[in-house]
Amino acid sequence: MYCETDEELLELLERARKYTEQGKVASYIPALERADQNDLSLALYYTDDKCVKAGDVEKKFTLQSVSKVLTLALAIMDRGEDEVFQKVGMEPTGDPFNSIAKLETQVPAKPLNPMINAGALVVSSMISGISVHEKLGRLLALVHDMTNNASIDIDLEVAQSEFETAHLNRSLCYFMKQHGIVEGDVEELIELYTKQCAIQVTCYDLARIGMILANKGVDPKTNRKILPERIATIVKTFMVTCGMYNASGEFAIQVGIPSKSGVSGAILGLVPPSIGIGVYGPALNEKGNSIGGVKLLEMLSQRYDLSIF
Numbered sequence: 145m146y147c148e149t150d151e152e153l154l155e156l157l158e159r160a161r162k163y164t165e166q167g168k169v170a171s172y173i174p175a176l177e178r179a180d181q182n183d184l185s186l187a188l189y190y191t192d193d194k195c196v197k198a199g200d201v202e203k204k205f206t207l208q209s210v211s212k213v214l215t216l217a218l219a220i221m222d223r224g225e226d227e228v229f230q231k232v233g234m235e236p237t238g239d240p241f242n243s244i245a246k247l248e249t250q251v252p253a254k255p256l257n258p259m260i261n262a263g264a265l266v267v268s269s270m271i272s273g274i275s276v277h278e279k280l281g282r283l284l285a286l287v288h289d290m291t292n293n294a295s296i297d298i299d300l301e302v303a304q305s306e307f308e309t310a311h312l313n314r315s316l317c318y319f320m321k322q323h324g325i326v327e328g329d330v331e332e333l334i335e336l337y338t339k340q341c342a343i344q345v346t347c348y349d350l351a352r353i354g355m356i357l358a359n360k361g362v363d364p365k366t367n368r369k370i371l372p373e374r375i376a377t378i379v380k381t382f383m384v385t386c387g388m389y390n391a392s393g394e395f396a397i398q399v400g401i402p403s404k405s406g407v408s409g410a411i412l413g414l415v416p417p418s419i420g421i422g423v424y425g426p427a428l429n430e431k432g433n434s435i436g437g438v439k440l441l442e443m444l445s446q447r448y449d450l451s452i453f
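The numbering of the sequence shown is my numbering, which starts it at 145 and goes up by one.
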């Protein structure tokens with residue numbers, strides 16, 4: 145059973161919106177602190193090119209950690225599975241997304257998975273290109289293909305704000321460089337990482353990315369294969385096991401929709417084989433996930449039986 149009308153979605157959205165009062169916008173990145181805590185929007189994009197929506201789905205926000213899904217896909221296309229997963233693991237972690245603790249106890253000192261910051265930094269370092277500009281250009285090209293929106297770009301103010309405050313991410317990089325997991329210039333990697341996190345999208349864009357992933361990497365409108373099916377499968381699996389930070393297990397049980405969140409309040413979701421989901425709600429819970437967005441997805445999943453389990 146699928147949601148057919150904007151009115152159906154709006155009713156769920158208004159019920160979920162009251163939960164935003166219990167969350168807080170991200171304040172450790174100064175440029176994100178200005179977001180409106182009460183914002184909440186949702187778009188569902190189907191493979192027949194229909195989109196059902198509620199809230200301001202054209203409002204722009206930054207991908208933040210949602211970008212980890214896209215950089216993982218690109219890195220595997222560039223380097224292959226074997227090389228990528230020699231340097232980053234496949235296991236969930238119960239630690240916060242920015243923790244350094246597991247790196248100190250793992251032998252070798254590689255991150256547990258690509259959805260935590262340490263793992264995402266390793267993945268970003270493996271994107272092919274001779275400069276930050278070239279690597280970002282290739283990532284943006286993939287985003288443009290998946291969204292069918294060539295106007296998507298980087299919010300340079302957010303990127304600069306993150307670059308100036310990325311002390312912990314620098315620490316992760318230097319630790320991994322010491323152990324041979326990261327190579328190259330750390331400042332260039334931090335520039336790439338903060339700019340990938342600052343790619344600016346809408347709920348509509350996110351939903352279309354989710355729809356491509358749900359449809360095994362193929363754009364049903366053009367029948368063009370944007371991602372190999374195997375890579376689409378890998379990133380979807382990581383979304384289930386690690387996509388909602390250290391709340392991923394609970395989210396899988398309560399909601400059951402493969403999803404990836406970001407501290408901007410973004411959530412990318414999908415229901416194979418035919419639905420992409422884009423959510424924006426900047427008020428976050430204690431785990432760093434959109435509090436209204438999680439509640440909205442829970443209601444949506446229960447009403448339309450969307451859990452993949």
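Every residue, glycine too, gets a C-beta built ideally from N, C-alpha and C.
query, result
"Inside the stretch 263-301 only - beta strand (DSSP E) runs reaching at least 3 residues", "none"
"Pairwise C-alpha distance: residue 444 and residue 152", "10 Å"
"Closest residue to residue 354 among 305, 317, 160 and 370 (Cα-Cα distance)", "370"
"Sufficient close CB pairs (3 or more, under 8 Å) joining the stretch 328-335 to the stretch 370-390", "no"
"Segment contact, 8 Å Cβ cut-off, at least three pairs: the stretch 377-391 with the stretch 426-445", "yes"
"Span separating the alpha-carbon of residue 170 from that of residue 310", "14 Å"
"Start and end residues, alpha helix (DSSP H) containing residue 187", "No alpha helix (DSSP H) contains residue 187, which is instead part of the beta strand (DSSP E) from 185-190."
"Buried versus exposed, by CB contacts within 10 Å (16 or more), residue 208", "buried"
"Top-ranked residue by Cα proximity to residue 350, from 409, 449, 450 and 365", "409"
"DSSP state of residue 414 mapped onto helix, strand, coil", "strand"
"Residue span of the beta strand (DSSP E) that contains residue 424, given as start and end", "419-424"
"Inter-stretch contact (C-beta, 8 Å, three-pair minimum) for the stretch 251-270 and the stretch 191-204", "no"
"DSSP state of residue 260 mapped onto helix, strand, coil", "coil"
"Own chain partners of residue 294 with C-beta closer than 6 Å, once the 5 adjacent residues on each side are dropped", "288"
"Length of the line joining the Cα atoms of residue 187 and residue 381", "22 Å"
"Buried/exposed call for residue 306, threshold 16 Cβ in 10 Å", "buried"
"Uninterrupted alpha helix (DSSP H) stretches inside the stretch 170-229 (no shorter than 4 residues)", "211-223"
"Which of helix, strand or coil DSSP assigns to residue 345", "strand"
"Counterpart residues of residue 404 in DSSP-defined beta bridges", "412"
"Where the alpha helix (DSSP H) containing residue 434 begins and where it ends", "Premise fails: residue 434 is in no alpha helix (DSSP H) and is neither H nor E."
"Separation of residue 352 from residue 219, as counted between CA atoms", "21 Å"
"Residue 339 - DSSP class collapsed to helix/strand/coil", "helix"
"Selection from 194, 195, 272 and 261 that minimises the alpha carbon distance to residue 227", "272"
"Opposing strand residues paired with residue 363 [DSSP bridges]", "368"
"8 Å Cβ shell around residue 157 - same chain, five flanking residues per side excluded", "184, 185, 186, 198, 199 and 440"
"Pairwise C-alpha distance: residue 322 and residue 379", "28 Å"
"Nearest-angstrom Cβ-Cβ length linking residue 270 and residue 223, presumed shorter than 8 Å", "5 Å"
"Backbone secondary structure at residue 162 - three-state DSSP", "helix"
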